[in-house]
Amino acid sequence: MAISAKLVKELREKTGAGMMDCKKALDATNGDLEAAFDWLREKGIAKAAKKADRIAAEGLAAFAIDGDKAALVEVNSETDFVAKNEEFKELVNMIAKAVAEAQVNTVEETLKLVVDGQDLDTIIKEKTGKIGEKLSLRRVVAMSKSEGETFGAYSHMGGTVAALVKVANADDEKARDVAMHVAASAPQYISEDEIPEDVRERELNVLKTQALEENAKAAKPKPENILHKIVEGRLKKNFKEVCLNDQAFIKNPDQTVAQYLGNGKVEMMARFKVGEGIEKKEENFAAEVAAQMKA
213 MAISAKLVKE
223 LREKTGAGMM
233 DCKKALDATN
243 GDLEAAFDWL
253 REKGIAKAAK
263 KADRIAAEGL
273 AAFAIDGDKA
283 ALVEVNSETD
293 FVAKNEEFKE
303 LVNMIAKAVA
313 EAQVNTVEET
323 LKLVVDGQDL
333 DTIIKEKTGK
343 IGEKLSLRRV
353 VAMSKSEGET
363 FGAYSHMGGT
373 VAALVKVANA
383 DDEKARDVAM
393 HVAASAPQYI
403 SEDEIPEDVR
413 ERELNVLKTQ
423 ALEENAKAAK
433 PKPENILHKI
443 VEGRLKKNFK
453 EVCLNDQAFI
463 KNPDQTVAQY
473 LGNGKVEMMA
483 RFKVGEGIEK
493 KEENFAAEVA
503 AQMKA
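Read the sequence shown against the working numbering and you will find it ends at 507, with the numbers running on by one and no gaps.
And the structure:
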């Protein structure tokens with residue numbers, strides 16, 4: 213099948229691999245983006261991508277904490293200039309407070325919430341007209357806590373990244389520190405127990421293929437039982453890098469987050485990086501890809 217420049221661009225952004233390597237991977241996998249990603253990893257050309265590595269749009273992520281309720285939201289704007297506008301900031305904070313109070317967890321539910329006699333959908337549209345730039349609510353998360361639980365929240369670079377956590381058996385300082393760590397390190401799961409089976413299997417298959425290819429090229433190939441241990445070791449290492457409890461704590465890399473918390477336990481976490489996964493328009497990229505493919 214013909215591989216489009218857009219597909220090459222998407223794989224390139226996801227993996228950081230070169231343009232022609234991305235084209236080869238897509239050719240080898242009949243244009244299947246996920247399979248091409250794994251193909252590049254198997255060849256040692258790309259590493260597992262983190263959400264934080266994707267291209268960003270503009271806007272703000274903000275949290276609100278009101279007693280036993282809290283929320284984290286992301287609202288997008290077209291330019292960084294508007295994201296710094298005080299009126300836009302007030303809008304984002306209003307939405308975060310409304311989500312915390314109502315404890316809704318979808319954009320659709322949030323847009324129906326009424327604040328000062330108007331639903332948020334109308335308020336956002338009116339702000340769009342007033343500010344002169346498209347504004348859109350992208351995602352929300354609400355949390356509630358009970359006795360013995362604490363919220364921790366952290367905002368980085370004026371709302372470019374924001375994190376919210378709920379921790380049991382921990383004080384405010386520790387909860388905030390964990391939120392800071394989540395904002396900085398972007399864990400995908402709290403613990404290894406949360407990793408879905410299909411994710412485990414996919415990662416295992418990639419590492420097995422990688423190890424077999426390395427072994428085939430080695431001067432002294434390793435026996436199967438040793439290869440198995442190597443793969444298991446790499447799998448464990450990869451999972452530790454994406455699980456909050458096992459990550460090296462940002463304020464003291466000599467201990468893990470779990471060790472820092474001691475008897476404390478993270479029960480929920482959310483992290484929003486503004487615009488992650490949203491493509492920005494790049495007018496000349498298609499022409500650049502087409503030219504290089506003809507070379």
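By construction, the Cβ of each residue, glycine as well, lies at the ideal position given by its N, Cα and C atoms.
**Prompt:** Can you give the beta carbon distance from A375 to A365, rounded, assuming they're within the 8 Å contact cut?
**Reply:** 7 Å
**Request:** Use the C-beta contact count for Q315: other C-beta atoms within 10 angstroms, 16 or more gives buried, fewer gives exposed.
**Result:** exposed
**Item:** Of the listed residues K301, E415 and D384, nearest to G370 (C-alpha basis)
**Value:** K301
**Burial state of A508 (16 or more Cβ within 10 Å)** = The shown model of the chain, from 213 to 507, leaves out residue 508, and the question about it has no answer.
**Message:** Below 8 Å, how does it come out for the region 458-471 and the region 391-398: are there three or more Cβ pairs, yes or no?
**Reply:** yes
**Message:** Could you check whether I257 and D239 sit closer than 8 Å to each other, using their CB atoms as the reference points?
**Reply:** no
**Prompt:** Quick one: what does DSSP say T291 is sitting in, helix, strand or coil?
**Reply:** coil
**Message:** Please state whether the Cβ-Cβ distance between T421 and E345 is less than 8 Å.
**Reply:** no
**Whole-Å CB distance - V379 paired with K477, under 8 Å assumed** = 7 Å
**Asked** With contact counted as at least three CB pairs below 8 Å, one residue from each stretch, are the region 246-253 and the region 226-235 in contact?
**Response** yes
**Request:** Measure the alpha-carbon distance for L349 versus A276 and round it to whole angstroms.
**Result:** 16 Å
**N-terminal and C-terminal residue of the alpha helix (DSSP H) that D389 is part of** = D384 to S397
**D458 - partner residues in DSSP beta bridges** = For D458, which the question treats as bridged, DSSP gives no partner whatsoever.
**Where Q400 sits in the DSSP three-state scheme** = coil
**Asked** Mind checking T334: buried by the 16 CB within 10 Å criterion, or exposed?
**Response** exposed
**Message:** Quick check on A261: does DSSP put it in helix, strand or coil?
**Reply:** With a pLDDT of only 49 at A261, under 50, the local geometry of the prediction cannot be trusted, and no value is derived from it.
**Prompt:** Alpha carbon to alpha carbon, what distance is there between Q330 and D410?
**Reply:** Between D410 and Q330, the alpha-carbon positions lie close to 43 Å from each other.
**Request:** Run through the region 409-441 for me and flag every whole alpha helix (DSSP H) of 4 or more residues, listed as ranges in chain order.
**Result:** 409-429
**Item:** For A295 and E270, the rounded distance between their alpha carbons
**Value:** Separation of E270 and A295 (C-alpha to C-alpha, rounded to the nearest whole angstrom) is 7 Å.
**Request:** Quick one: using the 10 Å Cβ neighbour count with 16 as the cut-off for buried, is A428 buried or exposed?
**Result:** exposed
**Item:** Spatial neighbours of R446 in its chain, beta-carbon cut-off 7 Å, leaving aside the 5 residues before and after
**Value:** L419
**Item:** Sequence-distant residues of its chain with Cβ nearer than 7 Å to V454 (five each side left out)
**Value:** For V454, where only same-chain residues beyond five positions count, the Cβ hits under 7 Å are P399, Q400 and Y401.
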